[in-house]
Structures are given as structure tokens and as C-alpha cells.
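Chemist: I have a structure here, written as C-alpha cells, and I will follow up with some questions on it.
There are 2 protein chains.
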Amino acid sequence: MRDAIKNLVSRPKVVIVGGGFGGLYAAKALASAPVAVTLVDRKNHHTFQPLLYQVASAVLSPGQIASPLRSILHGARNVEVILGEVTGFNVGARRVLLKDGSELQYDYLIVAAGARHSYFGHDGWQRNAPGLKTVEDAVEIRRRILLAFEVAEREAYLTGSHRPLNFAIIGGGPTGVELAGAIAGIAREVLGRDFKAIDTRQARVMLFEGNPRVLRTYPEDLSRKAEKQLQELGVEVRTNSRVTAVEDGRIKVGEEWIETSVVLWATGVFASPLGKALAAQAAGVEVDKSGRVSVSPDLSLPGRREIFVIGDLASLKDADGKLVPGLAAAAMQEGRAVAANILRDLRGEERLPFRYWDKGNMATIGRNRAVAQVGSWHMSGYFAWLMWALVHALLLSGFRNRLMVMREWVWAYFTHSRSARLITGDTDVPTRQPRQVEVDVRPETDARGMLESRVVVS
Amino acid sequence: MRDAIKNLVSRPKVVIVGGGFGGLYAAKALASAPVAVTLVDRKNHHTFQPLLYQVASAVLSPGQIASPLRSILHGARNVEVILGEVTGFNVGARRVLLKDGSELQYDYLIVAAGARHSYFGHDGWQRNAPGLKTVEDAVEIRRRILLAFEVAEREAYLTGSHRPLNFAIIGGGPTGVELAGAIAGIAREVLGRDFKAIDTRQARVMLFEGNPRVLRTYPEDLSRKAEKQLQELGVEVRTNSRVTAVEDGRIKVGEEWIETSVVLWATGVFASPLGKALAAQAAGVEVDKSGRVSVSPDLSLPGRREIFVIGDLASLKDADGKLVPGLAAAAMQEGRAVAANILRDLRGEERLPFRYWDKGNMATIGRNRAVAQVGSWHMSGYFAWLMWALVHALLLSGFRNRLMVMREWVWAYFTHSRSARLITGDTDVPTRQPRQVEVDVRPETDARGMLESRVVVS
Numbered sequence: 006m007r008d009a010i011k012n013l014v015s016r017p018k019v020v021i022v023g024g025g026f027g028g029l030y031a032a033k034a035l036a037s038a039p040v041a042v043t044l045v046d047r048k049n050h051h052t053f054q055p056l057l058y059q060v061a062s063a064v065l066s067p068g069q070i071a072s073p074l075r076s077i078l079h080g081a082r083n084v085e086v087i088l089g090e091v092t093g094f095n096v097g098a099r100r101v102l103l104k105d106g107s108e109l110q111y112d113y114l115i116v117a118a119g120a121r122h123s124y125f126g127h128d129g130w131q132r133n134a135p136g137l138k139t140v141e142d143a144v145e146i147r148r149r150i151l152l153a154f155e156v157a158e159r160e161a162y163l164t165g166s167h168r169p170l171n172f173a174i175i176g177g178g179p180t181g182v183e184l185a186g187a188i189a190g191i192a193r194e195v196l197g198r199d200f201k202a203i204d205t206r207q208a209r210v211m212l213f214e215g216n217p218r219v220l221r222t223y224p225e226d227l228s229r230k231a232e233k234q235l236q237e238l239g240v241e242v243r244t245n246s247r248v249t250a251v252e253d254g255r256i257k258v259g260e261e262w263i264e265t266s267v268v269l270w271a272t273g274v275f276a277s278p279l280g281k282a283l284a285a286q287a288a289g290v291e292v293d294k295s296g297r298v299s300v301s302p303d304l305s306l307p308g309r310r311e312i313f314v315i316g317d318l319a320s321l322k323d324a325d326g327k328l329v330p331g332l333a334a335a336a337m338q339e340g341r342a343v344a345a346n347i348l349r350d351l352r353g354e355e356r357l358p359f360r361y362w363d364k365g366n367m368a369t370i371g372r373n374r375a376v377a378q379v380g381s382w383h384m385s386g387y388f389a390w391l392m393w394a395l396v397h398a399l400l401l402s403g404f405r406n407r408l409m410v411m412r413e414w415v416w417a418y419f420t421h422s423r424s425a426r427l428i429t430g431d432t433d434v435p436t437r438q439p440r441q442v443e444v445d446v447r448p449e450t451d452a453r454g455m456l457e458s459r460v461v462v463s
Numbered sequence: 006m007r008d009a010i011k012n013l014v015s016r017p018k019v020v021i022v023g024g025g026f027g028g029l030y031a032a033k034a035l036a037s038a039p040v041a042v043t044l045v046d047r048k049n050h051h052t053f054q055p056l057l058y059q060v061a062s063a064v065l066s067p068g069q070i071a072s073p074l075r076s077i078l079h080g081a082r083n084v085e086v087i088l089g090e091v092t093g094f095n096v097g098a099r100r101v102l103l104k105d106g107s108e109l110q111y112d113y114l115i116v117a118a119g120a121r122h123s124y125f126g127h128d129g130w131q132r133n134a135p136g137l138k139t140v141e142d143a144v145e146i147r148r149r150i151l152l153a154f155e156v157a158e159r160e161a162y163l164t165g166s167h168r169p170l171n172f173a174i175i176g177g178g179p180t181g182v183e184l185a186g187a188i189a190g191i192a193r194e195v196l197g198r199d200f201k202a203i204d205t206r207q208a209r210v211m212l213f214e215g216n217p218r219v220l221r222t223y224p225e226d227l228s229r230k231a232e233k234q235l236q237e238l239g240v241e242v243r244t245n246s247r248v249t250a251v252e253d254g255r256i257k258v259g260e261e262w263i264e265t266s267v268v269l270w271a272t273g274v275f276a277s278p279l280g281k282a283l284a285a286q287a288a289g290v291e292v293d294k295s296g297r298v299s300v301s302p303d304l305s306l307p308g309r310r311e312i313f314v315i316g317d318l319a320s321l322k323d324a325d326g327k328l329v330p331g332l333a334a335a336a337m338q339e340g341r342a343v344a345a346n347i348l349r350d351l352r353g354e355e356r357l358p359f360r361y362w363d364k365g366n367m368a369t370i371g372r373n374r375a376v377a378q379v380g381s382w383h384m385s386g387y388f389a390w391l392m393w394a395l396v397h398a399l400l401l402s403g404f405r406n407r408l409m410v411m412r413e414w415v416w417a418y419f420t421h422s423r424s425a426r427l428i429t430g431d432t433d434v435p436t437r438q439p440r441q442v443e444v445d446v447r448p449e450t451d452a453r454g455m456l457e458s459r460v461v462v463s
């Protein structure tokens, strides 16, 4: 091991910032190549983001969609993984700055730091409307969803009625559509039999989209089909609806206030601040309004051939003139492309411009439902859903996780159950209006089928 | 469903506080009985505590050892589960007080609120030496263990050496022994191949026990065997060692200060404050120095036949004159026994005193090693370990979890790998002493086999 590391010292140093799809696939493509690679990430794991909503909706456990970068790359002897937070760069000296004050020198730098949510200047909304980008986000969203049902059950049991169970998802892109379908599925198919005082099917799931249709990057017929499938699941789809305020327990849509149990944020992406940090050091580099860095056709920084920017942090019209979308598939292809161009450099060959291979788009909408577009081929419903499941299981990195996830899906499919329904963290939500002493027990049900207090409360 | 609930109203009300082994088994034993049961817990899940250390050591995921109480009990139509925190009782009015101000009335009350760690008055130690009682505790301990290796790797990579990787476990009972064995196993067998700059086998695992031997509730020969097996795994066992201070990055043992990366607390149990709350309302009830409530032979509160206290919160010499130990098996038996006595009351029969059936004791010590005592039969080594695995898999509640856990164990056994190695939460630990600018790269290794900086740091 030590000898192997010694041998690396004379090799060109490639530093990769970020272990998402872009960074990970660049590192994989450089494994065994005559370079010494250092991959830096704030997390110890790669997260399979397309399945994060399944953790949020209690289908999968975090460990099933995230693997330690160190184990994914353990066979790559020329790749070192370090856990650390990159705070900036010294482009002139070719150094990456880490939060703890140390620095990493590079010959080539690949910045794949991704994006987070943007609250369009309303950062205060984050507390009441979390977004879904990390495993921690998913566990927090799962906590909120499951806790909402628990609090309603307690309230119905203790006071005879409960606040409306309203789930609001803001943003009708793939994440919003998938979350809305998943929550409707939980309420209708999974939790019902476990709750005795509430009828979980009465939960309202509302999806708000500012544009005239959901999935607006998809062909229009698929948007319509997705909307229809959501409605079949009981989701209220509200297009042309702008959320103008998010507060504790309610949101404002246009002029209307809506009481909410859980609000989720599935819109607004803003690239990592490392994009701006790079641009500040390199003349002529542009950053767009979403924080993305405009890159040259080979994904390098204009005027800085040794620096590449890929994934959600990059903005590029590819060789065919199409804007490369912010998808996992695009980031993977970019990671591989920059690795190939670095190796071309080392062999003294010409770099190739990046060409995005559009493999299509798919989004699931609960059980048995999905929409998919592959070239001019549009699909929806059961077959699209089967294809979605197959493709995503195949893409999951790691033979092990793939098997576990497929097993979990088969189980959930046939039993209508969920195996990851833990609430961890804070569970302290007050019951509304505990009643003052009542002397006796009156078994009655109200109009919504809720149990009147069968215990005396005071 | 609603009809079923109406039918319950005229039934005697049994309130169970706590969904651990005692409370859960009482609820299970009362399923289908002519009573209306309400089980209250602060968590939505039952935790299989004997396997918590396997979550802490990244073998199992939280979802594999914890199941929602609501789903475990979903077939029990006369059992309602509510998520809530009990703050006290009004024994005269037969009411349980919840944190949100509401109350639950009972005809019978079963208090099974368990125990937490005690820091012997040094509550400040908790921050630096977390204990292991909940899923959240286990995930936090896992985070600290894995992060310690990551920080050492980064430090070795960036500065050429790293602070000693010292794991200190305070308390040589079953939890301490299992944690020490598991950490030694991770360091020696699991992580080695994934880390390139450090030699994880150099990690020191120290187990401190104030008494002359580990596992002091076990027969002496098994204590000696456990100590020997720990030493084979490389654990330094320090008996007769009292920890007198716990600070950030170091502990004091007797007069010696020891530098530490991770400190875990596996000693000192103190019963839930609900024991004292009960005693304050009932004349003649005693609470011992560990906060446990002395109960009558039928596990009821002296002078309050309608209140039972079971599990770690209860102190009882059983009908054979033996002190009932604080074990999962004992709590289960107590839960079933009070359920049976309640049903005897309802049928007008005499109550029976509780009799503990001692099924024995077992603790694992890493892979292939364990000690077990069943009556006068003492075992250690591989066979004891196999028996441990079989018994614990069988005890796991839920057909599903049992299969998943066994699969996970088989996988981990044959591949020497771990599937639950996620670090979630904070990862921001500074690297020690980042060096000031060095001009070149010097590949050298120091005495402990650590890599000298192969990157320039400043």
C-alpha cells in the first residue's frame, strides 16, 4: 500500500471537488490511469439522488441509496478520498483551500460541487419547507411526514378531532411530482390499517406549480399524463399557482392562505458558491443567475485549461447546441468526458468537445405509474413505471445496494408496506386545544369519521 | 374500524407507558383481551436494544433493529398507540399526564418507562462520552467512530502524521464489551482496505472497568474468557480503572491523562424520573439509589393494586428471592405477567406473584467470539457466538427484520464488509496543525507507517 502511494508522487495530481455523480464518475474513469487523484467531499458517501424521495417516503433506508465513497473507490489504488469542506481556490498557485486551513495542490482540478435549493431570497422559508438534496434532508422530510400522521392520530384520540392533514409540495418538477405521488400512496395504501382514530385517506396532498404544467421540461403530452396520474392518486395539482408566503402551519398561494401540516420545497436550484469563487479568480468567466459557471466546449474554465467544471455547477451548450440539463446522466457523462480529456492531454492528443447523449427522462408517480420520454418515444403508466424501476436499480452503484433495493421494492409492492418508517429526532409537537375536564366518555364520530374522545381529557 | 373502537368504550382501560420490551410484551399479551389498551411512547418505534451496538458499529441500519410500534401492533384491534411524552401522573384521579397538557384516564396503569445512562453527577461528560440507549444514540456513536478514521486519514494525508486513534469505552458490562469488540473488528478487518494513508489496525481500543473484572454479573470463568477474547482482538482491557474526568479529546483514568479520539459511555444506568413521580404520589413506595421503584411480588405498586411497574424501572426480588436483572428477557416476562394478572383480576381470580425464568446471559465479542451462560452451562468462543446470533435473530420482533438482519450478518461474515457506514450530521472536525507552506513533496513514511505529505500544504 505504501509503495503504491510512493509511486503516485511523480504523477500529475488531479483534485476532484465533490463526490456526486460528476465527481464520482470522473474518479472512476481515472482509476488505474497514470495520475494521482484526490477526491474531496463534505460527506463520506455518494448519494444516489434520484432515489432520495424514496427515503423521504419511507420506502428505502438511507444506507440503501448512499454508499461510502471510500468503499466505492477502494479498488482504485491511485484515488485517495478525503472528507473535507472546500472553501475556495488559489487558481494562480493551483491550490484548493479547505476549511481547516490546509490546501491541496493540483495539476488538474475538477469542480463538481453541485447545487442546493434556492428559496428565491426567502431563506426564512427553509425552516418550514425543507428541500430534498441530502440523506439528512430525506430523513428530516420522512420525520415530518410520519410525525404529521402521528400527531393527527393523537389529537383525534384525545380531543375527538384533528387539524386537517394537509401536505403541500411546492414545485412540480420531477422531485415534486415524485414526492406528491409517494405521500398520496403512503396515505392511501400504507398507513391506513395502522391508524385507528384517523382515516389517513382523508389526507390532502397538494402540488403547487407556478407554470401552466407540471414536469415542464418534459413533452406536453407527458405533463398532461403525469397530472392525470397524480389526480388518480388523489393529489390536487395546482398549476399557475405561486406560493407567496411560507409560515409555521400555513402557506399563502396567490391571495389564499392554506393551513398545512407539512410543506416541502421542490423548486429553485442554486449552484454551489464555489462557482462564484472560481469565477472571481479567472478573468472572463461568467456565472449565470442560478450560480452556474459557463464553461468551454471541453468543460474547462475559459482561459484555465487545467480547471474543469461539471454537473449542476456547469452551464454548457454542447457540441449539438443543446443546453445540457441538470441530470444525473449528464453529470456522469461529463465526469467521464473530462477524465478522457485529461488523459488525452497527457498523451499529447487534442481534447474533444463534450457531447451530451440524451438518454431521456423519466419520473415515477406512485405505484404503477410513471412517465418516460426516450427520444421521440413517450410512455406513461405501468410500462413506464416498470422501465423506471429497472433503469434506476441498474444505475444504483454497488452490486449490493442494487439487490437490496430491488428486494425492498418487490416487498413493498406486494405487501403494500414500508420498512423504513422510523421517526428519529424531535417528536415534540403539541396537540391542539386539549379540552378542559369532561366528565364522561362519549363515543361518537364526527362528519369526517373521526372518533369523539373516548378518554377523559382535562 | 370505527365500530371496533366504539365497542372498546365500555371496557376497562389499560394505559401502558413505554414501548420497550416490557410495555410492548404487555400490549401483545393484552391483544384480543376484553380491555382497551393505550400504549404511549415518546418514539414511534420499538427498539431492539440488544442489537443497538451493531448500528453503532455500522453492521446494521437503524430500520433493521427498530420497527414502528404501530405496525408491530396493527393486528391488535383493542390496542391504540399514541406518540406522546408522559410527564407525570394523577394517581388519585387515575390519570396519566402528557406533556402537551392532555391526560389519559386508566383503570390499570403499566409503567414501563425504562432507564437512561447516569453520569454519576457528571452530566457534563455526556457531550464527550455519549451512551447507547436509542437509535439516535447509535447513529451518533457510528458518526463519531467513522469520523475519527476519516479525520485521521485526512490528517495523515495532509500533514504526514495523525493524532493517535484512541477509542475509549467506559464500562465493562455487556454493552461495553460488545462495543469494544465491534470497534476492534472494524479497525482490524473492515476499514483497512479502504484507507490508504493510515493503518487502521494501529487504532487502540481501550476498555475501562472500575471493578476487578469485565461482565461482573457473569460467572468468573466467563469474565476471564471474555477478557482473553477481547485481548485476542487487540482490545486493551483495563480493570480496576476508574475514569475520573472526561474532557474534549482526553480522559483521566486514576491519575493518568489519556488522549482520545472517541469516548463511549457504557456504564451507569438511572431509571426514568417517572419512577420518582409515581412514588411521590403513593405512600410507602420506595425508590432505590438508581431510581428504581420497589414493587410488590405481583409487580404492582405497594398500596396501589391498579398500577404496575415493570422492566428497568422496577426493583423486585422474585418469588425465588432472586433480584430480577435489568435484561430484555426479564422485561418481556414481566410484561406478560402483569397482563396475565390484569386478566385474572377481571375474571375474579387471585393474582400470581412474578417468577423470573432465568434463561441465561450472553454477550458477543466481535466476530466468532462470545460468552454465554445458561444455568450451570458456560460457553465461550465460536459456539457461544453462533448461539448468540441465532437467539438474537429469533428474538427480533417482526418476521421481516429477522430475515433482513440474518442476511446482513451472513453478508458481513463472509465479505468482512459493512453496509451501514454512513456518516450523517456534522462532519466538521478540524485537522490538527495544518503545516505552513512547504515547497515540495517528500514521500516518506514515519515510524508508524504513516505517509509523509504527498501534497503541498500551507
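For the protein sequence lines, the chains are A and B, in the order given.
Positions in the first sequence are counted from 1; adding 5 to them yields our numbering.
Positions in the second sequence are counted from 1; adding 5 to them yields our numbering.
Glycine residues also receive a C-beta, built at the ideal position from the N, C-alpha and C atoms.
Answer with yes or no whether the minimum CB distance from V156 (chain B) to chain A is below 9 Å.
Modeler: yes
Chemist: How would you write the range of the beta strand (DSSP E) that P73 (chain B) sits in, first residue to last?
Modeler: For P73 (chain B), the enclosing beta strand (DSSP E) covers residues A71 to P73.
Chemist: Given this structure, state the Cα-to-Cα distance separating D253 (chain B) from D46 (chain A), to the nearest angstrom.
Modeler: Going from the Cα of D253 (chain B) to the Cα of D46 (chain A) covers about 25 Å.
Chemist: In whole angstroms, what separates the C-alpha of I115 (chain B) from that of E264 (chain A)?
Modeler: 38 Å
Chemist: Since N133 (chain B) meets chain A, which of its residues come closer than 9 Å, beta carbon to beta carbon?
Modeler: What N133 (chain B) touches in chain A: nothing, since even the nearest Cβ is about 20 Å away.
Chemist: With a threshold of 8 Å, establish whether the CB of I70 (chain A) neighbours any heavy atom of the ligand ZN.
Modeler: Because no ligand of any kind appears in the structure shown, any question about the ligand ZN cannot be addressed here.
Chemist: Comparing the C-beta of P439 (chain A) with each C-beta of chain B, is any distance below 9 Å?
Modeler: Interpretation of P439 (chain A) is limited by its pLDDT of 41, a score under 50 that renders its predicted location unreliable; the figure taken from the coordinates is listed afterwards. It does: the Cβ of P439 (chain A) has a partner Cβ on chain B nearer than 9 Å.
Chemist: Check this for me: beta carbons of D317 (chain B) and F359 (chain B), under 9 Å apart or not?
Modeler: no
Chemist: So that I know if they touch, is there some Cβ in chain A lying closer than 9 Å to that of I428 (chain B)?
Modeler: With 9 Å as the cut-off, I428 (chain B) counts as an interface residue toward chain A.
Chemist: Closer than 8 Å between beta carbons: that is the criterion. Which residues of the region 160 to 187 of chain B meet it against chain A?
Modeler: Against chain A - using a Cβ distance shorter than 8 Å - the residues of the region 160 to 187 of chain B are Y162, L163 and T164.
Chemist: Excluding sequence positions up to five away, which residues of its chain have a Cβ less than 6 Å from the Cβ of G174 (chain A)?
Modeler: Reading off the sequence, residue 174 (chain A) comes out as Ile, not Gly. Closer than 6 Å at Cβ, skipping near neighbours: G181, L184, A185, L212, L269 and A271.
Chemist: Please report the residue range of the alpha helix (DSSP H) in which G28 (chain A) lies.
Modeler: F26 to L35
Chemist: When we look at the beta-carbon of A288 (chain A) and count the other beta-carbons within 10 Å, is it buried (16 or more) or exposed?
Modeler: exposed
Chemist: Which of helix, strand or coil does DSSP assign to D293 (chain A)?
Modeler: coil
Chemist: Would you call W382 (chain A) buried or exposed, if buried means 16 or more other Cβ atoms sit within 10 Å of its Cβ?
Modeler: exposed
Chemist: Does the region 196 to 206 of chain B come close enough to the region 78 to 94 of chain A to have 3 or more Cβ pairs within less than 8 Å?
Modeler: Because the criterion of three Cβ pairs below 8 Å is met, the region 196 to 206 of chain B and the region 78 to 94 of chain A touch.
Chemist: Who are the neighbours of E141 (chain B) on chain A, taking C-beta pairs under 8 Å?
Modeler: Result: T429 and G430.
Chemist: What in chain B is Cβ-close to S66 (chain A), meaning under 9 Å?
Modeler: S66, P67, G68, Q69 and A425
Chemist: What residues in the region 321 to 348 of chain B have a beta carbon less than 8 Å from any beta carbon of chain A?
Modeler: none
Chemist: Comparing the C-beta of F275 (chain B) with each C-beta of chain A, is any distance below 9 Å?
Modeler: no
Chemist: Any contact between the region 246 to 261 of chain A and the region 149 to 157 of chain A? By contact I mean 3 or more CB pairs, one from each, below 8 Å.
Modeler: The region 246 to 261 of chain A is not in contact with the region 149 to 157 of chain A.
Chemist: Name, please, each residue of chain A whose Cβ falls closer than 9 Å to the Cβ of L88 (chain B).
Modeler: L152, E155, V156, E158, R159, I428, T432 and V434
Chemist: State the Cα-Cα distance for the pair A335 (chain A) and N346 (chain A), rounded to the nearest angstrom.
Modeler: Computed Cα separation, rounded: 16 Å.
Chemist: Is DSSP giving H122 (chain A) helix, strand or coil here?
Modeler: strand
Chemist: Quick one: what's got a C-beta closer than 6 Å to V464 (chain B)'s C-beta in the same chain, skipping five residues either side?
Modeler: Residue 464 (chain B) cannot be examined here, being either before or after the span of chain B that is shown, 6 to 463.
Chemist: From the DSSP output, in three-state form, read off I347 (chain A) for me.
Modeler: helix
Chemist: How about G177 (chain A) and R221 (chain A): are their beta carbons less than 9 Å apart?
Modeler: Contact check for G177 (chain A) against R221 (chain A) passes: the beta carbons are separated by less than 9 Å.
Chemist: Could you check whether the Cβ of D199 (chain A) sits closer than 9 Å to any Cβ belonging to chain B?
Modeler: D199 (chain A) counts as touching chain B.
Chemist: Using three-state DSSP, classify L137 (chain B) as helix, strand or coil.
Modeler: coil
Chemist: Tell me the rounded alpha-carbon separation between Q438 (chain A) and H51 (chain A).
Modeler: Only weak support is given to the placement of Q438 (chain A): the predicted model assigns it a pLDDT of 49, under 50, and the question is left unresolved by the model.
Chemist: Thinking just about the alpha-carbon of each residue, which of A:P17, A:A208 and A:G27 is nearest to the one in S37 (chain A)?
Modeler: The candidate whose alpha carbon is nearest that of S37 (chain A) is A:P17.
Chemist: How many angstroms separate the CA atom of Y468 (chain B) from the CA atom of S320 (chain B)?
Modeler: In this structure chain B extends from 6 to 463, so residue 468 (chain B) is not present and cannot be described.
Chemist: Can you tell me whether S228 (chain B) is helix, strand or coil according to DSSP?
Modeler: helix
Chemist: H51 (chain A) bridges to which residues according to DSSP?
Modeler: DSSP output for H51 (chain A) lists A:S72 as bridge partner(s).
Chemist: Got a sec: is the Cβ-Cβ distance from K33 (chain A) to anything in chain B below 9 Å?
Modeler: no
Chemist: Answer with buried or exposed for R447 (chain B), where buried requires no fewer than 16 other C-beta atoms within 10 angstroms of its C-beta.
Modeler: In this predicted model, R447 (chain B) has a pLDDT of only 33, less than 50, meaning its place in the structure is not dependable; the value taken from the coordinates is given anyway. R447 (chain B) is exposed by the Cβ-count criterion.
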